[in-house]
Structures are given as C-alpha cells and as structure tokens.
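Asker: I have a structure here, written as structure tokens, and I will follow up with some questions on it.
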Amino acid sequence: MREPAPTDANNSEVQIVAAEPRSVKVWDPVVRIGHWLLAGGFLTAYLTAEENQPIHVLAGYTVATVVVLRILWGFVGAKHARFASFVRGPGAAFGYLAGLASGKSKRSIGHNPAGAAMTVALLICIGGTAISGMALLAAEEGEGPLAVFITAEGEGARAVEGSVEERGLAEDAETGEEGGEEMFEEVHELFVNFTLLLIGLHIVGVIASSLAHRENLVRAMITGRKRGGD
Ligand code: HEM
Ligand code: HEM
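Now the structure itself:
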C-alpha cells in the first residue's frame with residue numbers, strides 16, 4: 000500500500016483545525032494526561048496518607064512515574080513540552096508577574112515565564128516528595144525500590160544486639176521511632192507541604208493568567224488547544 004503524501008495537517012505541532020480556524024495544538028497527550036494523573040495522584044496520595052497505605056503508595060508510584068516520563072519528555076518530546084522551549088531565568092518569571100496586573104505581560108502560546116518556573120519547581124518538589132516517600136517506606140517497612148539502599152533500622156540494630164524481635168516490628172521501644180525513619184518522615188512531610196504551597200500558587204497563577212489574557216488555560220490543558228498567536 001502506498002504511503003499517503005505528507006500534508007500540513009500531519010504536522011502535529013501546529014495543526015490548524017478546520018472547525019476552529021485560529022486554534023492551534025499546544026499540549027500533546029503526554030503533557031495533558033500526565034498533568035491530570037499528577038494532580039489526581041498527588042491528591043489521592045495526600046488524602047490516603049494515614050489510613051490507606053497501599054493506595055497511598057500506589058498513588059505515589061503513579062506520580063513518580065509521571066514525573067520521570069515528563070522529565071524525559073522535556074528533552075525529547077513535542078515542541079511546547081521541551082524544557083529548552085520554555086525554561087528561562089527567574090528575571091523573566093518575576094518580570095512577567097510584575098507586568099500581569101498592569102496588562103503589560105505578553106501572552107505565550109506555551110508556558111508563560113512564570114508558568115515555566117512553576118512547572119520546574121513542581122516537578123522537582125513532587126519528585127522530592129515521591130523519593131522521600133520511598134525512603135520512608137524502606138526505613139519503616141524495608142519495602143520499595145530504596146530498600147536496597149536503606150534498611151529498616153530496627154532490624155539492623157536488633158541484629159547487632161542479638162534481639163529476637165521479628166523483621167518488620169522495627170520500632171524502638173524508648174523513642175517510638177528510629178532516627179532515620181523520623182528524619183525521612185520529616186523530609187517527606189516538608190516536601191509534601193511545600194508542594195501543596197506551590198500547588199496553591201499554581202492554581203492562583205493559572206486563574207490570573209487566564210483572566211489577564213482572556214483565555215481558558217484549564218480548558219487548554221484538557222483539549223490541548225489554544226487560540227493562535229497574537
Ligand atoms: C485542579 C487543579 C489544577 C488546575 C486547574 C491546573 C491547571 C494547569 C494548567 C492550566 C496548566 C498549564 C499552565 C500554562 O498554561 O502554562 C498546568 C500546568 C502544570 N500543572 Fe497544573 N493544575 C492543577 C493542579 C495541579 C497539581 C495538583 C499539580 C501537581 C501535583 C499540577 C502540576 C502541573 C505541572 C507540573 C504543570 C506543567 C505541565 C507540563 O508542562 O507538563 N497541577 N496546570
Ligand atoms: C507523591 C505524592 C505523595 C504525597 C502527597 C504523600 C503524602 C504523605 C503524607 C501527608 C504523609 C503523612 C506524614 C506524617 O504523618 O508524618 C505520608 C506518609 C507516608 N508516605 Fe507519603 N506521600 C506521597 C508519596 C509517597 C510514596 C511514593 C511513598 C512510598 C513509595 C510514600 C510512603 C509513605 C509512608 C511509608 C508514610 C508513613 C505512613 C505512616 O507510617 O503513617 N509516600 N505521605
């Protein structure tokens with residue numbers, strides 16, 4: 000069978016849509032599906048932190064997987080997904096924010112400079128949350144991918160002392176918690192809380208930019224499309 004001749008319509012980066020002549024495709028499926036998996040996964044992990052450990056860990060792994068894929072996609076993915084196309088210095092981000100209220104800030108087809116900085120900050124902090132969660136799981140239960148590097152401390156200490164306590168009952172009788180475990184718990188909580196702060200700012204930023212540029216950025220993150228350049 001013969002290959003169809005390439006046409007403009009096959010260009011996935013700037014695809015003109017017949018029904019909406021000025022609409023261009025900006026966010027590819029990796030970015031869009033990844034975004035909503037991140038948002039849903041983070042929220043699920045947060046809400047199941049105490050009661051439901053398996054769901055918490057599963058949601059956390061989902062988020063971690065999306066972050067890894069998104070970072071790789073940032074190097075090899077579609078145009079607007081690439082870090083090289085949107086990452087700029089902090090000056091650009093603050094300049095954009097300063098001009099937002101006065102209407103001086105320009106609209107971007109991809110991430111605006113503040114959205115770009117937020118994207119990087121969120122990916123780092125969500126990654127930190129997931130890694131510290133895995134470290135905590137290893138220190139507490141001796142489970143997960145980091146269990147190779149981090150042992151549940153109670154086990155090691157008791158082995159040295161010749162204790163007969165079973166593996167998994169890794170709780171120190173006096174402090175109620177092992178030092179490493181406590182440290183990882185602190186770090187995990189710190190990352191979670193800082194990420195929550197960023198998420199709050201992220202949502203405020205999305206609303207502010209949507210109002211300033213009179214476009215629905217949330218819808219764009221669902222459909223992948225924005226109106227053409229202006
Ligand atoms: C309901 C709440 C949320 C809404 C409405 C929302 C909306 C958006 C929108 C509109 C963008 C594109 C911004 C732009 O045009 O520059 C975006 C990007 C992003 N958001 Fe959210 N977001 C939400 C929650 C979250 C949460 C909870 C997280 C993290 C756990 C998150 C992480 C990100 C990331 C990493 C990006 C960058 C996308 C990429 O380049 O891959 N968002 N979000
Ligand atoms: C990425 C999203 C995640 C969020 C939002 C999150 C959030 C939380 C929160 C709020 C706590 C309670 C902290 C405390 O009570 O001191 C917690 C505990 C914990 N998290 Fe996560 N976490 C995430 C990912 C992970 C991952 C990927 C793992 C492991 C694979 C993990 C393992 C744990 C463990 C073992 C605990 C201690 C539970 C307990 O002993 O009560 N978390 N997490």
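Note that numbering that gives the first Met the number 0 gives residue 16 to position 17 of the sequence shown, counting from 1, and the numbers run on in steps of one.
Every residue, glycine too, gets a C-beta built ideally from N, C-alpha and C.
All values derive from a computational prediction rather than experimental measurement.
1) By Cβ distance, which residues of its chain are closer than 7 Å to alanine 100, with the 5 residues on each side in sequence left out?
2) Within 10 angstroms of its Cβ, does valine 147 collect 16 or more other Cβ (buried), or is it exposed?
3) Runs of 4 residues minimum, wholly inside the stretch 18 to 78: which ones carry the alpha helix (DSSP H) assignment?
4) Please classify phenylalanine 183 as buried or exposed, where buried requires at least 16 other C-beta atoms within 10 Å of its C-beta.
5) Does the stretch 72 to 85 come into contact with the stretch 27 to 38, if we say contact requires no fewer than three beta-carbon pairs (one atom in each stretch) closer than 8 Å?
6) Taking all protein chains shown into account, do 16 or more other C-beta atoms lie within 10 angstroms of the C-beta of phenylalanine 74, making it buried, or fewer, making it exposed?
7) Under the three-state reduction of DSSP, which class applies to arginine 218: helix, strand or coil?
8) Per DSSP, which one or two residues make a beta bridge with arginine 226?
9) Do the CB positions of leucine 36 and isoleucine 70 come within less than 9 Å of each other?
10) So, alanine 83 versus alanine 115, is the Cβ gap smaller than 9 Å?
11) Given this structure, state the Cα-to-Cα distance separating histidine 187 from valine 205, to the nearest angstrom.
12) Just to check, is the beta-carbon of histidine 110 closer than 8 Å to a non-hydrogen atom of ligand 1?
13) With arginine 21 and glycine 227 assumed to form a contact (beta carbons below 8 Å), what rounded beta-carbon distance in angstroms separates them?
14) Does the structure place the stretch 206 to 221 close enough to the stretch 125 to 137 that three or more beta carbon pairs sit under 8 Å?
15) Less than 9 Å between the beta carbons of leucine 216 and serine 209, yes or no?
16) Regarding methionine 133 and ligand 2, is the C-beta to nearest heavy atom distance less than 8 Å?
17) Would you say the beta carbon of isoleucine 32 is closer than 8 Å to some non-hydrogen atom of ligand 1?
18) In three-state DSSP terms, what is serine 101?
19) CB of glycine 114 to nearest heavy atom of ligand 1: below 8 Å?
20) Rank Val86, Pro112, Ala120 by C-alpha distance to the C-alpha of leucine 197 and give the top, closest one.
21) Does the Cβ-Cβ distance between leucine 195 and tyrosine 45 come in under 9 Å?
22) Ligand 1 heavy atoms versus the CB of serine 208: any closer than 8 Å?
23) By Cβ distance below 6 Å, which residues in the same chain neighbour glutamate 180 in space, the five residues on each side in sequence not counted?
Answerer: Once the coordinates are examined:
1) So no residue of the chain qualifies.
2) Counting C-beta atoms within 10 angstroms of its own C-beta, valine 147 has fewer than 16 neighbours from the protein chains shown and is therefore classed as exposed.
3) Fully enclosed alpha helix (DSSP H) runs of no fewer than 4 residues occupy 28 to 46, 52 to 75 of the stretch 18 to 78, in order along the chain.
4) Classification of phenylalanine 183: buried, given that the 10 Å Cβ count is 16 or more.
5) A contact exists between the stretch 72 to 85 and the stretch 27 to 38.
6) Burial call: exposed.
7) If DSSP states are grouped into helix, strand and coil, arginine 218 belongs with the helices.
8) Ser22, per the DSSP bridge assignment.
9) For leucine 36 and isoleucine 70, no; Cβs fall outside 9 Å.
10) Judged by beta-carbon spacing, alanine 115 lies beyond the 9 Å limit of alanine 83, meaning their Cβ atoms are not closer than that value.
11) Approximately 26 Å between the Cα atoms of the pair.
12) Yes.
13) Between glycine 227 and arginine 21 the Cβ distance is about 4 Å, and since that is below 8 Å, they are a contact.
14) Using a Cβ-Cβ distance cut-off of 8 Å, the stretch 125 to 137 and the stretch 206 to 221 are not in contact, since fewer than three pairs of beta carbons, one from each stretch, lie closer than that value.
15) Here leucine 216 is near serine 209, since their CB atoms are less than 9 Å apart.
16) Because some heavy atom of ligand 2 lies under 8 Å away, the Cβ of methionine 133 counts as near it: yes.
17) The answer is no for isoleucine 32.
18) Here serine 101 carries a coil assignment [DSSP, helix/strand/coil].
19) Answer for glycine 114: yes, Cβ within range of ligand 1.
20) Nearest C-alpha to leucine 197: Ala120.
21) Yes, these two residues count as a Cβ contact at 9 Å.
22) Serine 208 Cβ: within cutoff of ligand 1.
23) The answer, listed in chain order, is Ala138, Glu139.
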